[in-house]
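Asks: Numbering (UniProt numbering), first residue to last: 1 to 938.
Ideal Cβ positions, reconstructed from N, Cα and C, are used throughout, including at glycine.
What you are looking at is a predicted structure, and each value in this text was computed from that prediction instead of being measured.
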Amino acid sequence: MDAALGPPEQMAELEEDLTPMMAQYYELCRQYDDALVLFQVGDFYEAFCAAAKRVARLCEITLTQREDSTGEYPMAGIPIDNAESYVETLLDAGYRVAIADQVEDPDEVSGVVERAVTRIVTPGTLTESELLGGADNNYVAALTEGERYGLALLDISTGDCYATSVGSAAAVADELSRFGPAEAIVGPDVDVDRDAVFGPACLVTRYDADAFGRERAEDRVAQYFGPPERLLASNAEIRACGGLLAYAEYTRGSSGAVGPDGEPVDADVDPAGTLDYLNHLTRYDPREYMLLDAVAVESLELFERRSVRGHENRTLVDTVDETACALGRRKLTDWLRRPLLDADRIEARHGAVAELQRDPATREALSDLLAEVYDLERLISRVSRGRANARDLRSLAATISVVPDIRDHLADADARLLADLHATLDPLTETREEIESAIRPDPPQEVTEGGVVREGYDEDLDRLRSTEQSGKQWIDDLEASERERTGIDSLKVGHNSVHGYYIEVTNANLDAVPEDYQRRQTLKNSERYYTPELKEREEEILRAESAADDLEYDLFCAVRDEVAEEAERVQALADRLARLDVLVSFAEVAAQYDYCRPTVGSDGIDITAGRHPVVERTEDAFVPNDTHLGSGPVTTSGDGSDAEVPAQDPFLAVVTGPNMSGKSTYMRQVALICLLAQAGSFVPAKAADLPILDRVFTRVGASDDIAGGRSTFMIEMTELATILDAATADSLVLLDEVGRGTSTADGLAIARAVTEYLHDEVGSHTLFATHHHDLTAVAADLPGATNRHFETSREDGDVRFDHELAPGPAAASYGVKVASMAGVPESVVERSRGLLAEAEAADAGVEGSTGTEAKTTGDSDTDAAPTATTGATENGTAAASADEGPADDYRQEMLRANGAAEGELPESVAQQLASLDVATMTPIEAMNALADLQDRLQ
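1) Per the contact definition of three or more C-beta pairs closer than 8 Å, is the segment 550-568 in contact with the segment 274-294?
2) Rounded C-beta distance between A785 and V614? I'm assuming under 8 Å.
3) Would a C-beta distance cut-off of 8 Å place F768 and G662 closer than the cut-off?
4) Output the distance between the C-alpha atoms of A411 and E355, rounded to the nearest integer angstrom.
5) What residue does the alpha helix (DSSP H) around Q24 start on, and which one ends it?
6) With distances taken from CA atoms, which of R314, A100, I80 and A12 is nearest L36?
7) Considering only the alpha carbon of each residue, which of T506, L534 and D489 lies closest to H495?
8) Spatial neighbours of K817 within its chain, please: C-beta separation below 6 Å, excluding the five flanking residues on both sides.
9) Measuring CA to CA, which of M660, S165 and A685 is closest to A822?
10) If you draw a straight line from the C-alpha of L18 to the C-alpha of R387, how long is it?
11) With a CB to CB cut of under 6 Å and the five nearest residues on each side skipped, what residues in its chain are close to A204?
12) Hey, would you say L153 sits closer than 8 Å to P123, going by beta carbons?
13) Between the Cα of A76 and the Cα atoms of R57, N82, D68 and S69, which residue gives the shortest distance?
14) For V112, collect the residues of the same chain with a Cβ closer than 6 Å to its Cβ; drop the 5 residues on either side in sequence, then sort them by chain order.
15) With a threshold of 8 Å, are at least 3 pairs of Cβ atoms found where one atom belongs to the segment 280-295 and the other to the segment 225-236?
16) Using a Cβ-Cβ cut-off of 6 Å (strictly less than) and excluding sequence neighbours within five positions of A591, which residues of its own chain qualify?
17) How many Å lie between S764 and V634 at the Cα?
18) Rounded to the nearest angstrom, what separates D408 and F556 at their Cα positions?
19) Could you give the DSSP three-state label for M667: helix, strand or coil?
20) Would the beta-carbon of G746 fall within 8 Å of that of G739?
21) Can L132 and S157 be called in contact, C-beta distance under 8 Å?
22) Given 8 Å as the limit, is there contact between the segment 753-762 and the segment 666-678, that is, 3 or more CB pairs closer than that?
23) Apply the 10 Å Cβ neighbour rule to G42 and answer buried if 16 or more other Cβ atoms are within range, or exposed otherwise.
24) Under 8 Å, do P443 and A390 count as touching if we go by C-beta distance?
25) Indicate the three-state DSSP secondary structure (helix, strand or coil) for E145 in the structure shown.
26) Looking at V166: is its Cβ nearer than 8 Å to the Cβ of L28?
27) From which residue to which residue does the alpha helix (DSSP H) around I475 run?
28) Assign K492 to one of three DSSP states: helix, strand, or coil.
29) Reducing DSSP to helix, strand and coil, say where I435 ends up.
30) Could you tell me how far apart the beta carbons of T770 and E737 are, in whole angstroms, since I believe they sit closer than 8 Å?
31) Please report the Cβ distance between A182 and C202, rounded to the nearest whole angstrom; I am assuming they are in contact, meaning their Cβ atoms lie under 8 Å.
32) With a Cβ-Cβ cutoff of 8 Å, do L672 and F651 count as a contact?
33) Could you check if Y95 is buried or exposed, using at least 16 other CB atoms within 10 Å of its CB as the buried criterion?
34) Name the DSSP beta bridge partners of D68, please?
35) I'd like to know if the segment 492-507 and the segment 515-531 are in contact, where contact means that at least 3 CB-CB pairs between them fall below 8 Å.
36) How big is the Cα-Cα spacing for R788 and R576?
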């Protein structure tokens, strides 16, 4: 166990002899043994013993010593006023932090001040603005296991709470990838691969088994949301929600909460730790939304860049984010994480965006008003937990005050969603008026030192303030009257926190001091006095000031509690403002960047002049491309006969072309266009007629998990297995370079088998980018497949990537040219060109010996066509690429034609037989090749 956690060993040996304060610390460390305890001592949070050493090292602060009757203890402290930055450092190091505050006023107790843990700061339960670091949600998850997995998620800072259930650990991982929780707790029965399911960045803890018990969980869910059987669909969901709520209470220091070991937490804590603002639970079915697993979210760069290199804001969410407030930013992220599957809901969003796009004046006015909206969800969270100050209340009132103007701008809206927003935006008039009448416009940060409540709000407070002010005015006038009475022109009336009010006379004028002056303090060059009347006035002022401060704080708390009672209405208003902000943002992006309104519900993907929404913003010029994919799988006669069936549009496209020609960008842009459409946005294209996709799969790029024992190729195959197992005819599958992590023969065999499986068995909309040019022959033979390539031009020996998609396969890969562009040493490039020329000559000789016309790959610098554009050959397949050199002999094993006349040796067999290099083949390769030839002849 980490020595910084749990009761310090150094103190354990002296437990019976510890001083009262150190005994407090020891007991809190024992009770919260899963967290690093920060213990308030005056204006600092202190840690002792091994915890102090760890805090000092991590936070780079001085390690000191505390000495008492039992010995010396290492000690390290952080200032309370700046604690957040140090706590963040400890969280980043993987610790939970238990904050033990003084819960008694030191001036009102004799002996040791009582301390208690008022909150436990964990990565998934942050509520402090300084630690949250942005507008995005910060979730903690809970997982249970039974017949199905129960999953619950909660953002304590906003009150967002979700629940669902799924049938496998892989499905749990998919759902968690939507939300990206910072922390998770698991029930006692959960047995999953934590890194695979939660990800390495998520802090996972096994929590108290009793908290996940059915009866206890039911009670907690009912306490917050109502009867659980009406809200949740399974026992696993109820247990997950109940356990999560118990953990949330534990971290907020709520009365009745239990710790991770199941023991009750000390109830003598800050009552502001309650979670009364949690009042809405959303139970959802994953099948209601397009599924985007962790691989797709990462490879499509929806929320995070895959590499530290590149442009700022190079993610989809940043690209389409024109939201004006934090509420809108979170809602935008939610909509992109969970694109819709219901055509009516999608069309409703499109209708609202269309109306706002056509009306720039209304759009701009709404954006300006929404920019004045504060983060209502987090504000009402702080209000309900008793953590809000007067400025928070004024911010809440300022937000509510713009609602009438927003409703006015929506009064004539025709779109269904906009009309609904106009009807349901709650002006919360009484709440706004109460805050504005009670709280001063620019109140101080602190709420216990006065200056918070407006004059005229409370008669008793006004009377006390009047008494205080009249007393201070009397003192202000005292200096002038005493100078006149005593004749001492240098006489001063002052005040300090130790001695109160005084009259100061210099030593040179002591002879003129009246008899009623009573000495209060002697200084080097003067004496300070008070009079009975000054003393009486001082006591009157202090009584009035103290009473006024106390009354003012009570009044403020009453107003705050009154606002907290409207938490559900405030949260509903926040949700509607967030939705409006996203719709306005979508409309602004559409108008500014020429997006079109897509139609959804068709059988295939039909995009005219589509563009990548992110890349087009980062490049000086972008070449649009069309996409036409039908629906699969291949239609049959239905009775097993050979009867003809109507032709159908290809739904699988094999995309070839050189590196840097735009294959990966093109495939991703198709996925992003579909995703944006189902999220409710317009799309970057001239026109788009799209299906409703149930899922997007991606097998793009290379990565490894060496520590986990998985190579790049193993990860590639694992991802591929997931796709082949879960894809449907309504899915979009993006494959990039499948099978390139093994031998050419193995890789080509896998790529072909995958292509045939997706075509024959699945029928998904598929884009398959590859450098296996032999695969284009397979596509040419499949009725539901087609070949597409990115065109490349050569001029004066140089290659130009046109980034234009065209029918047919590419004729070359231009790997040597790309190597040259990347800065590979010229000697290596020249040697590569020489080997490439030799390979081309060898291929030409082989083809000539079989009576076929010699072809060239176009990859050599000696290509005789200086301005030719590479593309498909007449028979619809690619000319053989020698980009791999002699090592690629075995690629000729795939058919290049459909057969031969009766009685003749098929050309495909002759070509394959002539290309075999028997001297270099292994026995198993030779046997496989021979068996393949035999199959061809049969």
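Replies: Looking at the coordinates:
1) Contact between the segment 274-294 and the segment 550-568 is present: three or more C-beta pairs spanning the two stretches fall below 8 Å.
2) What you label residue 785 is simply residue 785 of the sequence shown in a count that begins at 1. What you label residue 614 is simply residue 614 of the sequence shown in a count that begins at 1. 29 Å between Cβ atoms; not a contact.
3) Stepping through the sequence shown from its first residue, residue 768 is reached at position 768. Stepping through the sequence shown from its first residue, residue 662 is reached at position 662. Result no, Cβ atoms of F768 and G662 do not sit closer than 8 Å.
4) For the purposes of this step, residue 411 is taken as residue 411 along the sequence shown, with counting starting at 1. For the purposes of this step, residue 355 is taken as residue 355 along the sequence shown, with counting starting at 1. Roughly 13 Å between the two C-alpha positions.
5) Residue mapping note: residue 24 aligns to position 24 of the sequence shown, counting from 1. From DSSP, the alpha helix (DSSP H) with Q24 extends over P20 to Q31.
6) For this step, residue 36 is matched to residue 36 along the sequence shown. Nearest of R314, A100, I80 and A12 to L36, Cα basis: A100.
7) Counted from its first residue, the sequence shown places residue 495 at position 495. Comparing Cα positions, the closest option is L534.
8) As a position in the sequence shown, residue 817 is number 817, starting the count at 1. Here the set comprises V799.
9) On the sequence shown, residue 822 is found 822 positions in, with the first residue counted as 1. Ranking the options by Cα distance to A822, first place goes to M660.
10) Within the sequence shown, numbered from 1, the residue matching residue 18 stands at position 18. Within the sequence shown, numbered from 1, the residue matching residue 387 stands at position 387. Those two C-alpha atoms are separated by around 34 Å.
11) Taking the first residue of the sequence shown as position 1, residue 204 is located at position 204. It is worth fixing the name first, because residue 204 is Val in this sequence and not Ala. Excluding sequence neighbours, V204 sits near A184, R194 and F198.
12) The count along the sequence shown starts at 1 and reaches residue 153 at position 153. The count along the sequence shown starts at 1 and reaches residue 123 at position 123. In this structure, P123 does not lie closer than 8 Å to L153 by Cβ.
13) Start at 1 with the first residue of the sequence shown, and residue 76 comes out as number 76. For A76, the nearest C-alpha among the options comes from R57.
14) Taking the first residue of the sequence shown as 1, we reach residue 112 at position 112. Here the set comprises P20 and M21.
15) At 8 Å Cβ cutoff, the stretches touch.
16) Within the sequence shown, the letter at position 591 stands for residue 591. Hits under 6 Å: Q357.
17) As a working mapping, residue 764 is identified with position 764 in the sequence shown. As a working mapping, residue 634 is identified with position 634 in the sequence shown. About 10 Å.
18) The sequence position of residue 408 within the sequence shown is 408, counting from 1. The sequence position of residue 556 within the sequence shown is 556, counting from 1. In this structure, the alpha-carbon of D408 lies about 32 Å from that of F556.
19) In the sequence shown, the residue the question calls residue 667 occupies position 667. Three-state DSSP puts M667 in a helix.
20) To locate residue 746, count along the sequence shown from 1; it is residue 746. To locate residue 739, count along the sequence shown from 1; it is residue 739. One detail in the question is off: residue 746 reads as Asp in this sequence, not Gly. Taking a C-beta distance under 8 Å as the contact criterion, D746 and G739 qualify as a contact pair.
21) Counting from 1 along the sequence shown, the entry for residue 132 is found at position 132. Counting from 1 along the sequence shown, the entry for residue 157 is found at position 157. In contact: L132 and S157 (Cβ atoms closer than 8 Å).
22) Contact between the segment 753-762 and the segment 666-678 is absent, with fewer than three C-beta pairs closer than 8 Å.
23) Here residue 42 refers to the residue found at position 42 when the sequence shown is read from its first residue. Burial call: exposed.
24) Here residue 443 corresponds to residue number 443 of the sequence shown, with the count starting at 1. Here residue 390 corresponds to residue number 390 of the sequence shown, with the count starting at 1. Closer than 8 Å, so yes.
25) Here residue 145 corresponds to residue number 145 of the sequence shown, with the count starting at 1. Three-state DSSP puts E145 in a strand.
26) Within the sequence shown, numbered from 1, the residue matching residue 166 stands at position 166. Within the sequence shown, numbered from 1, the residue matching residue 28 stands at position 28. For V166 and L28, no; Cβs fall outside 8 Å.
27) Against the sequence shown, residue 475 aligns to sequence position 475. Its alpha helix (DSSP H) spans residues E459 to T486.
28) Position 492 of the sequence shown, counted from the start, is the residue given in the question as residue 492. Looking at K492 - three-state DSSP - the assignment turns out to be strand.
29) What you label residue 435 is simply residue 435 of the sequence shown in a count that begins at 1. Three-state result, I435: helix.
30) For the purposes of this step, residue 770 is taken as the residue at position 770 of the sequence shown. For the purposes of this step, residue 737 is taken as the residue at position 737 of the sequence shown. Yes, they are in contact, since the Cβ atoms of T770 and E737 sit about 6 Å apart, within 8 Å.
31) For the purposes of this step, residue 182 is identified with residue 182 of the sequence shown, where counting begins at 1. For the purposes of this step, residue 202 is identified with residue 202 of the sequence shown, where counting begins at 1. Correct: roughly 7 Å between the Cβ atoms.
32) Here residue 672 is taken as the residue at index 672 of the sequence shown, counted from 1. Here residue 651 is taken as the residue at index 651 of the sequence shown, counted from 1. Not a contact, by the Cβ cut-off of 8 Å.
33) Position 95 of the sequence shown holds residue 95. A residue is called buried when at least 16 other Cβ atoms come within 10 angstroms of its Cβ; Y95 meets this threshold and is buried.
34) Looking up residue 68 in the sequence shown gives position 68. DSSP lists G71 as partners of D68.
35) Result yes; three or more Cβ-Cβ pairs closer than 8 Å.
36) Walking along the sequence shown from the start, residue 788 turns up at place 788. Walking along the sequence shown from the start, residue 576 turns up at place 576. Going by the C-alpha atoms only, they are around 45 Å apart.
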